[in-house]
Amino acid sequence: MTEERSGKPGVSIRHIGALTLPLTVALMGLRLGVVEAAQPLIRPNGWTSLPFAVMLALGVSVLIALAWDSRHRLHAVLRPRRSRVIGALALGFVTPVGVFNWLPWIPGGMWLHLGVPALLADRPSGFFFGLMLIGVASLMAYPIACLIVAGIRGRVMRVLVFGLMFWAAYGGIILFQGSLRLG
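Going by the numbering used here, the first residue of the sequence shown is number 40, and it counts up by one from there.
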């Protein structure tokens, strides 16, 4: 016997947009409360790590809920479609890979900062290395983009959840790696 599915998704994530903005403001406000020691590595301690943990937990819980809702149709969810590939490329371009002086370093930003000038200086290896970095990051982000695109119908909510994935990665890097101080 097949299971009847309604037009609405099984997981309600309407309040993610309402949670993301205040948590982001709290994240940026509490970041100023971290005592920056003379060490090259800065880690939040105590209550200052709470917004980072909440953002990471919120992002992971949304992914788990979307995967749970799509568990019986994962083959269809992971099938390549234009919107899923574009979503994976966007996530691969902007997902942080490191944090230096509280600024997230993203593959797209590193490519634009290092790769494009290398191409203009007739050194295409840096340009193509940046493209390869974005490609690998996009391949890693493809299942996440597929879950978001297939599981969330509203475009505005999709954009908010893609933004949440950025902040979840940022919070995870700060919690587990810390922020390296440059200079």
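Glycine is no exception: its CB is placed at the ideal position from the N, C-alpha and C atoms.
From a predicted model like this one, the values you see are computed outputs, not experimental measurements.
Asked, Found
"Which residues in the same chain have their Cβ closer than 8 angstroms to the Cβ of V188, if we skip the five residues on either side of it in sequence?", "R120, S122, R123, G126, R197"
"Taking S225 as the reference, which of C185, V136, F139 has the closest Cα?", "As displayed, the chain neither begins before 40 nor continues past 222, which places residue 225 out of reach and without an answer."
"Rounded to the nearest angstrom, what separates G217 and A207 at their Cα positions?", "14 angstroms"
"Below 8 angstroms on the Cβ atoms is my guess for V138 versus I213; work out the distance and round it to an integer in Å.", "6 angstroms"
"May I ask which residues mark the beginning and end of the beta strand (DSSP E) holding L142?", "142-144"
"Looking at the structure shown, is L219 part of a helix, part of a strand, or coil, going by DSSP?", "strand"
"Across which residues does DSSP place F139 in a beta bridge pair?", "L142, L219"
"How would you write the range of the alpha helix (DSSP H) that D108 sits in, first residue to last?", "89-108"
"Buried or exposed: which applies to S177, given that a residue is buried once 16 or more other Cβ atoms fall within 10 Å of its Cβ?", "buried"
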